[in-house]
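K.L.:
Counting from 1, position 75 in the sequence shown corresponds to residue 75 in the UniProt record's numbering; the numbering is continuous, with no gaps.
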Amino acid sequence: MGEKHGNQPPGSMEWGVLDRSLPGHQNYRTIQIVYNIHSGIQGSGTPPSWVRGRRSWNIPHKTEIGPSNTSHSYPDSGYLNRVIRELEALGVVEE
Numbered sequence: 001m002g003e004k005h006g007n008q009p010p011g012s013m014e015w016g017v018l019d020r021s022l023p024g025h026q027n028y029r030t031i032q033i034v035y036n037i038h039s040g041i042q043g044s045g046t047p048p049s050w051v052r053g054r055r056s057w058n059i060p061h062k063t064e065i066g067p068s069n070t071s072h073s074y075p076d077s078g079y080l081n082r083v084i085r086e087l088e089a090l091g092v093v094e095e
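#1: Would you tell me roughly how many angstroms separate the C-alpha atoms of tryptophan 50 and asparagine 27, rounded to the nearest one?
#2: Taking contact to mean at least 3 C-beta pairs separated by less than 8 Å, is the region 32-43 in contact with the region 75-82?
#3: Taking its Cβ as the centre, do 16 or more other Cβ atoms sit within 10 Å of proline 18, making it buried, or is it exposed?
#4: Tell me the DSSP bridge mates of glycine 16?
#5: If you follow the alpha helix (DSSP H) that leucine 22 is in, where does it begin and where does it stop?
#6: Looking at the structure shown, is isoleucine 84 part of a helix, part of a strand, or coil, going by DSSP?
#7: I'd like to confirm the pairing. Which residues does DSSP put opposite glycine 11 in its beta bridges?
#8: Looking at asparagine 58 and glutamate 94, is the spacing between their C-beta atoms short of 8 Å?
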């Protein structure tokens with residue numbers, strides 16, 4: 001979809017592919033994303049604690065791999081369309 005660069009707190013994001021499928025996507029493997037953000041005091045790479053700063057990351061993530069009572073689980077037929085819309089709103093689009 002694209003790559004965006006900007007200020008961020010110290011840390012890393014790692015991703016990998018799990019050899020398992022999610023409910024509703026039996027023919028596909030699972031992408032796992034792990035964030036490692038260090039705790040600490042706000043610095044120059046940290047968004048300010050005001051309305052715009054708090055809404056700097058609004059990409060929906062699934063945090064549960066099976067059914068539950070939250071909106072963070074699978075199956076969810078509208079999930080990918082919501083993620084694509086959020087990314088497009090941030091300027092991350094297919095070229």
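Just so you know, even glycine gets a beta-carbon here, dropped at the ideal spot from N, CA and C.
These figures come from a predicted structure and were not determined experimentally.
P.N.:
So, from the listed chains and residues:
#1: The residue labelled residue 50 in the question sits at position 50 within the sequence shown. The residue labelled residue 27 in the question sits at position 27 within the sequence shown. Distance between the alpha carbons of tryptophan 50 and asparagine 27: 43 Å.
#2: Taking 8 Å as the limit for Cβ pairs, the verdict is that the region 75-82 does not touch the region 32-43.
#3: Along the sequence shown, read from residue 1 onward, the residue named residue 18 stands at position 18. Reading the sequence as shown, one finds leucine at residue 18 and not proline. So leucine 18 counts as exposed.
#4: Taking the sequence shown and counting its residues from 1, the one referred to as residue 16 is at position 16. Answer is Gln32, bridged to glycine 16.
#5: If you number the sequence shown from 1, residue 22 lands on position 22. Boundaries for leucine 22: no alpha helix (DSSP H) harbours it, and the DSSP string shows neither H nor E there.
#6: For the purposes of this step, residue 84 is taken as the residue at position 84 of the sequence shown. When DSSP states are grouped into helix, strand and coil, isoleucine 84 belongs to the helix group.
#7: Position 11 of the sequence shown, counted from the start, is the residue given in the question as residue 11. Note: glycine 11 sits in a beta bridge opposite Ile37.
#8: The count along the sequence shown starts at 1 and reaches residue 94 at position 94. The count along the sequence shown starts at 1 and reaches residue 58 at position 58. It is not a contact, given that the beta carbons lie outside the stated cut-off.
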